[in-house]
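Protein chains in written order, with my numbering: chain A, 926 to 1260; chain B, 16 to 418. Ideal placement from N, C-alpha and C gives every residue a C-beta, glycine not left out. Worksheet: one structure, shown below.
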């Protein structure tokens, strides 16, 4: 492994300006994260279909490849080769930008997640705030999709999504204040290092509020109101097809990955686990997939809330609980 | 008769009063909205259907939506109109039976049965006892199959995807039983004028009984999974309410009427076939909301299971068709009305005969059509998401609405 000092020396010796070095490193890293994302999405979609099948007394994909493992590649080829339908009255720029923005927001959120002791793209001092704030930009993508596609169903879906995101952003942010108080840092790697005891045991209320709010944040059942099939056809992505639709799908699963990874970092002890140090990323992945499994379990079991009930739950139940959690944590720390 | 008339008058007056009150309320709301500091909202008209995932076939409606609240519903039907009543005038009596299959395609047996029963009434044909028992057994199995489909879609519309598969698993077993009996899985054409088309295969009754015993246990689990779910209850309770008066005035029958507290069931109130011999209860709920309309179906399944058990116990041996059945059915001049309790309500056929081989006129009274009339009264003023659920709990089959 090269250290940064060696890299700098190499650049100086060969007359490469430092900004070129910076950009190339950034590009390489984001490419790596992108590849991980792609792989992760494939695994997640396959997992989702198999989990769903398991819950519903069926086999799931079985025909393409061994146990349907190549099904997703077939699906991707199908989606790419489909016609890109552009509604007649849609706003061209907003309509085209929306899926990209959503994908970007979800993808960039992964940059600060440490999956091993030093395995992180950028270990920001304000990593926690970054990890909460950046994925929330995704709601702009949803609203753009709703407005841009000139469709009443899509617009209703995007308005719902906006209301939901705003309401759940608050309890979600408040629920992790307890974690920051105990760990004494907003740096994600510092939070993981501080967890000699998993914070899920120290912050049970915070954990529940965070998990529920995360579900709402990434539009999963029982909070999948922006895309309810029974009333809004497909919600904000009703008018999207082919590749653009795939981007929404991508974004959804990456957001799920990011949410579960953040849950692991904050509450489930991050990469900590028995065994030698090089197993750390493996432990992280196992925990993250366990959280994802819980999300899928919820999705394939529960019906969904109505919009006013979602709002009620957010403001009347989760927000007071999150505040209570802060209060309790503060009192215990004072004592 | 006189009392009934006065009751209906009362119900009409009540509805009118209620409509007036509603109008006043709407006016009041508008007054509030015109205040300068209130947020101005604009009404949006959404076209729902006929190609909407939860349009239950080809239902179309215009929803006037204010935010998330649906203020007005303009239903439009007729997308599946196939002129069945006119076709009947150009077919012989026996030839029309397969057409009835295509009316309420979710419970074809009941359609066969109601039509055939009316023709038998008209022509004075006596049905052998064994055939009557077979009709009851397949009819109740059909009711269970239809209600299972209803429960699965009710869950699906509320967002619970998995219960669908469990209900379909059970429904599949019923369809397999039907396939053994008549070879078809959806449009059976099994009940024939005079009896049934074929006798039950060997061992079929034992299979049916084992299915009944299985469903008795599993339906309890499914009730817990879907009907007992906290979110499902929260969604369904109190939404899409309708009072017994309005339900009667609008002509609702079947589970939507029984959920308001009116114990009207043709099997009890105007018994046909061999139903008086069985011990069962009419399931009644009293709230008249979406949840009651769902739960009542689950209770009806349990009652149907009871009936099937008793019928299997009592079924006699013998013929399935009368000794002397004329090849061409030529009823005397006259008219007849026969109705049965189908899965959706009071399904009636009215036939006028001019003494020829073909009916002079055939009129069908479809319960889905009547039930759909109550839809705007139930759903106006509720959330958009609940409107879809309300439509679902009415369980309309558009083959029957439009005919």
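Pull the bridge partners of residue i from the DSSP assignment, please.
{"i": "residue 361 (chain B)", "result": "B:356"}
{"i": "residue 379 (chain B)", "result": "B:364"}
{"i": "residue 76 (chain B)", "result": "B:63 and B:90"}
{"i": "residue 81 (chain B)", "result": "B:84"}
{"i": "residue 934 (chain A)", "result": "Beta-bridge pairing links residue 934 (chain A) to no other residue."}
{"i": "residue 961 (chain A)", "result": "Answer is none; residue 961 (chain A) lacks a bridge partner."}
{"i": "residue 1184 (chain A)", "result": "Bridge partners of residue 1184 (chain A): none, in fact."}
{"i": "residue 207 (chain B)", "result": "B:210"}
{"i": "residue 1042 (chain A)", "result": "Beta-bridge pairing links residue 1042 (chain A) to no other residue."}
{"i": "residue 1108 (chain A)", "result": "Paired residues: none, contrary to the question."}
{"i": "residue 374 (chain B)", "result": "B:368"}
{"i": "residue 398 (chain B)", "result": "B:84"}
From the beta carbon of residue i, is the nearest beta carbon of chain B less than 8 Å away?
{"i": "residue 930 (chain A)", "result": "no"}
{"i": "residue 974 (chain A)", "result": "no"}
{"i": "residue 937 (chain A)", "result": "no"}
{"i": "residue 926 (chain A)", "result": "Residue placement at residue 926 (chain A) cannot be trusted, given a pLDDT of 42 that sits under 50; what the coordinates show is reported in the next sentence. Taking Cβ atoms only, chain B never reaches closer than 8 Å to residue 926 (chain A), which makes this a no."}
With H, G and I counted as helix, E and B as strand and the rest as coil, what does DSSP make of residue i?
{"i": "residue 181 (chain B)", "result": "helix"}
{"i": "residue 1008 (chain A)", "result": "coil"}
{"i": "residue 1001 (chain A)", "result": "helix"}
{"i": "residue 926 (chain A)", "result": "Only weak support exists for where residue 926 (chain A) lies, its pLDDT of 42 falling under 50; the value from the coordinates is given anyway. Here residue 926 (chain A) sits in coil by DSSP."}
{"i": "residue 1199 (chain A)", "result": "coil"}
{"i": "residue 337 (chain B)", "result": "coil"}
{"i": "residue 1141 (chain A)", "result": "helix"}
{"i": "residue 391 (chain B)", "result": "helix"}
{"i": "residue 1088 (chain A)", "result": "helix"}
{"i": "residue 351 (chain B)", "result": "strand"}
{"i": "residue 1261 (chain A)", "result": "What is shown of chain A runs 926 to 1260, which leaves residue 1261 (chain A) out entirely."}
{"i": "residue 287 (chain B)", "result": "coil"}
{"i": "residue 191 (chain B)", "result": "helix"}
{"i": "residue 1101 (chain A)", "result": "coil"}
{"i": "residue 949 (chain A)", "result": "helix"}
{"i": "residue 106 (chain B)", "result": "coil"}
{"i": "residue 130 (chain B)", "result": "helix"}
{"i": "residue 302 (chain B)", "result": "coil"}
{"i": "residue 168 (chain B)", "result": "helix"}
{"i": "residue 256 (chain B)", "result": "coil"}
{"i": "residue 1025 (chain A)", "result": "helix"}
{"i": "residue 1209 (chain A)", "result": "helix"}
Thinking residue i and residue j are a contact (beta carbons under 8 Å), I'd like their distance in whole angstroms, please.
{"i": "residue 1092 (chain A)", "j": "residue 1239 (chain A)", "result": "4 Å"}
{"i": "residue 410 (chain B)", "j": "residue 93 (chain B)", "result": "Rounded, the Cβ-Cβ distance is 19 Å, inconsistent with contact."}
{"i": "residue 135 (chain B)", "j": "residue 208 (chain B)", "result": "6 Å"}
{"i": "residue 240 (chain B)", "j": "residue 320 (chain B)", "result": "Not confirmed; about 18 Å, so no contact."}
{"i": "residue 1180 (chain A)", "j": "residue 1024 (chain A)", "result": "Not confirmed; about 13 Å, so no contact."}
{"i": "residue 273 (chain B)", "j": "residue 311 (chain B)", "result": "6 Å"}
{"i": "residue 80 (chain B)", "j": "residue 399 (chain B)", "result": "6 Å"}
{"i": "residue 118 (chain B)", "j": "residue 414 (chain B)", "result": "5 Å"}
Could one say the Cβ of residue i lies closer than 8 Å to chain A's Cβ atoms, at least one of them?
{"i": "residue 184 (chain B)", "result": "yes"}
{"i": "residue 2 (chain B)", "result": "In the structure displayed, chain B extends from 16 to 418; residue 2 (chain B) sits before or after that span and is not available."}
{"i": "residue 250 (chain B)", "result": "yes"}
{"i": "residue 181 (chain B)", "result": "yes"}
{"i": "residue 246 (chain B)", "result": "yes"}
{"i": "residue 401 (chain B)", "result": "yes"}
{"i": "residue 395 (chain B)", "result": "no"}
{"i": "residue 187 (chain B)", "result": "no"}
{"i": "residue 83 (chain B)", "result": "yes"}
Counting only beta-carbon separations shorter than 8 Å, does residue i have a partner in chain D?
{"i": "residue 398 (chain B)", "result": "In summary, chain D is missing from the structure at hand, where the protein chains are A and B."}
What residues in the region 1225 to 1239 of chain A bring their beta carbon closer than 9 Å to a beta carbon of chain B?
-> Going along the region 1225 to 1239 of chain A in chain order, one finds 1225, 1226, 1227, 1228, 1229, 1230, 1231, 1232, 1233 and 1234 with a Cβ nearer than 9 Å to chain B.
Compile a chain-ordered list of the residues in the region 154 to 177 of chain B whose CB is closer than 8 Å to at least one CB of chain A.
-> Residues are counted here when their Cβ sits less than 8 Å from a Cβ of chain A; for the region 154 to 177 of chain B these are 170, 171, 172, 173, 174, 175, 176 and 177, given in chain order.
Taking only beta carbons into account, state which residues of the region 978 to 1001 of chain A come closer than 8 Å to chain B, listed in chain order.
-> If the cut-off is 8 Å between Cβ atoms, the region 978 to 1001 of chain A has 980, 981, 982 and 983 near chain B.
Which residues, in order along the region 1141 to 1153 of chain A, keep a beta-carbon less than 9 Å from a beta-carbon of chain B?
-> For the region 1141 to 1153 of chain A, which is checked against every Cβ of chain B, the residues closer than 9 Å are 1146, 1147, 1149, 1150 and 1153.
What residues in the region 1071 to 1097 of chain A have a beta carbon less than 9 Å from any beta carbon of chain B?
-> Residues are counted here when their Cβ sits less than 9 Å from a Cβ of chain B; for the region 1071 to 1097 of chain A these are 1077, 1078, 1080, 1081, 1084 and 1085, given in chain order.
Interface residues of the region 57 to 71 of chain B facing chain A [CB-CB below 7 Å] | Within the region 57 to 71 of chain B, the residues whose Cβ lies closer than 7 Å to some Cβ of chain A are 59, 61, 67, 68 and 69, listed in chain order.
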